[in-house]
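S.K.:
Numbering (the numbering used here), first residue to last: 2 to 87.
1) Just verifying my parser: in three-state terms, what is the DSSP assignment at residue 27?
2) In the DSSP assignment, what are the bridge partners of residue 68?
3) Beta-carbon separation of residue 76 and residue 30 under 9 Å?
4) When the Cα of residue 64 is compared with those of 78, 53, 49, which residue comes out closest?
5) Grab the span of the beta strand (DSSP E) containing residue 84 for me, first residue to last.
6) Counting C-beta neighbours from all protein chains within 10 Å, is the total for residue 33 16 or more, i.e. buried, or is it exposed?
Below is the structure:
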């Protein structure tokens, strides 16, 4: 799988999502990006962020409610390059 780039709309250097990462939350942790989370399973929704551009796919359908344009980094991976907003 090809590495994907994650751009944070707040600025800073782009993050690289590598094949060793199991989900987007791991990418954030690896790059010391502070994001709120609790369950790591898609149940609570506390890691919810806005997807500005691009697409993600979920390992399993999240149980937490998310609105259009929102994603749960704890249980998804980018399909290609994405931009997100906290």
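The beta carbon of each residue, even a glycine, is placed where N, CA and C say it ideally should be. If you're wondering where the values come from, they're calculated on a predicted model, not measured in any experiment.
M.R.: Walking through what the data contain:
1) Note: residue 27 maps to helix in three-state DSSP.
2) Answer is none; residue 68 lacks a bridge partner.
3) No, Cβ-Cβ distance for residue 76 and residue 30 is not below 9 Å.
4) Answer by Cα proximity: 49.
5) 83-86 is the extent of the beta strand (DSSP E) around residue 84.
6) Burial check for residue 33: the Cβ neighbour count within 10 Å stays below 16, so the residue is exposed.
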